[in-house]
Amino acid sequence: MRIDIVTIFPTFFDALDISLLGRAREDGILEVEVHDLRTFTHDRHRTVDDKPYGGGAGMVMKPEPWGEALDTILPAEIPDVASGAGPIVIFPSPAGEVFTQAMARELSGASHLVFGCGRYEGIDQRVFDYAGSRASVRLVSLGDYVLNGGEVAVMAMIEAIGRLIPGVIGNPESLVEESHEDGLLEYPSYTKPSSWRGLDVPPVLIGGNHGAIAAWRRDAQLERTRRVRPDLLPPE
Ligand code: SAM
Numbered sequence: 001m002r003i004d005i006v007t008i009f010p011t012f013f014d015a016l017d018i019s020l021l022g023r024a025r026e027d028g029i030l031e032v033e034v035h036d037l038r039t040f041t042h043d044r045h046r047t048v049d050d051k052p053y054g055g056g057a058g059m060v061m062k063p064e065p066w067g068e069a070l071d072t073i074l075p076a077e078i079p080d081v082a083s084g085a086g087p088i089v090i091f092p093s094p095a096g097e098v099f100t101q102a103m104a105r106e107l108s109g110a111s112h113l114v115f116g117c118g119r120y121e122g123i124d125q126r127v128f129d130y131a132g133s134r135a136s137v138r139l140v141s142l143g144d145y146v147l148n149g150g151e152v153a154v155m156a157m158i159e160a161i162g163r164l165i166p167g168v169i170g171n172p173e174s175l176v177e178e179s180h181e182d183g184l185l186e187y188p189s190y191t192k193p194s195s196w197r198g199l200d201v202p203p204v205l206i207g208g209n210h211g212a213i214a215a216w217r218r219d220a221q222l223e224r225t226r227r228v229r230p231d232l233l234p235p236e
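The numbers in the UniProt record's numbering rise by one with no breaks, and the one at position 171 of the sequence shown is 171.
Here is the structure:
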């Protein structure tokens, strides 16, 4: 998969050099290029923002640098956008659709993702409209709260998407039993020692009865989901 990221803070993405995603880049599974939005400005101050039309607090990101960045990254040939062909451009936004494991799985099958990190009060609306004429565009929210910028949201999305790309995680089975994969939260996990500071591992996990272990885990998943995230369960 190819990933392009546009940001005014390129060093935010230095962390993509480490751990599993770093290895995936070394192995050529993931190709990442980070673009500094300010390189697409032409004034002495490398300005990327201006006051909002209509007034109001804060600043809005100007369309011109974004247009040049997108023209550099997106293929010159405009694909049949309606067919879903070509790159997917993702703008993190608290006003977007909420990012989920299902969306991460869907996006892990894409060949080219472009992330545009907003700052200040966000990006001029025409950038989304223009990008939509060149590629599939999605506004995606990490959750119902407001961050200072899109970088942290993009890091989270790339990590969630990247670990689902075949070859990134050594044992693909470890992806199957995770929270949200089957619509439930994961069961509690334990490792050695079996007794620690007066706290014991549930005996069923030590007994070696695989059927009983599976049943215990399923019950634990249901109990935890009912207690912490009842909204994930179908209505009774
Ligand atoms: N004025 C915007 C609004 O009310 O929708 C918020 C702008 S926020 C301060 C600046 C940038 O942070 C946004 O353009 C977006 O890129 C990012 N951002 C903030 N909260 C986010 C969230 N929950 N999910 C994804 N991105 C977010």
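All C-beta atoms in this analysis are idealised placements derived from N, C-alpha and C, irrespective of residue type, glycine included. Computed from a predicted structure; not experimentally measured.
- prompt: Heavy atom of the ligand SAM less than 7 Å from the Cβ of A57, yes or no?
  reply: Outside the cutoff, so no.
message: Looking at the secondary structure, which residues open and close the beta strand (DSSP E) in which G116 lies?
response: Start and end: H112 to G116.
- request: For my contact list, residue 237 and V114 are in at a C-beta cut-off of 8 Å; report their separation, rounded to the angstrom.
  value: Residue 237 falls outside the range modelled here, since the chain spans only 1 to 236, and no answer is possible.
- prompt: For A95, which of helix, strand or coil comes out of DSSP?
  reply: Note: A95 maps to strand in three-state DSSP.
query: Going by beta carbon distance, what residues of the same chain come within less than 6 Å of V127, once the five residues before and after it are set aside?
result: Sequence-distant Cβ neighbours of V127 in its own chain, meaning closer than 6 Å and more than five residues away, are P63 and W66.
message: Between Y145 and the ligand ADP, is there a pair consisting of the residue's CB and a ligand heavy atom that are separated by less than 7 Å?
response: Among the ligands present in this structure, namely the ligand SAM, the ligand ADP is not found.
- prompt: Hey, would you say the C-beta of R119 is under 7 Å away from at least one heavy atom of the ligand SAM?
  reply: For the ligand SAM, at least one heavy atom lies less than 7 Å from the Cβ of R119.
message: With the cut-off set at 8 Å, would you say R134 and L74 are in Cβ contact?
response: With contacts defined by Cβ atoms closer than 8 Å, R134 and L74 form a contacting pair.
task: In the DSSP assignment, find the alpha helix (DSSP H) that holds I73 and state where it starts and stops.
output: Element bounds for I73: P63 to I73.
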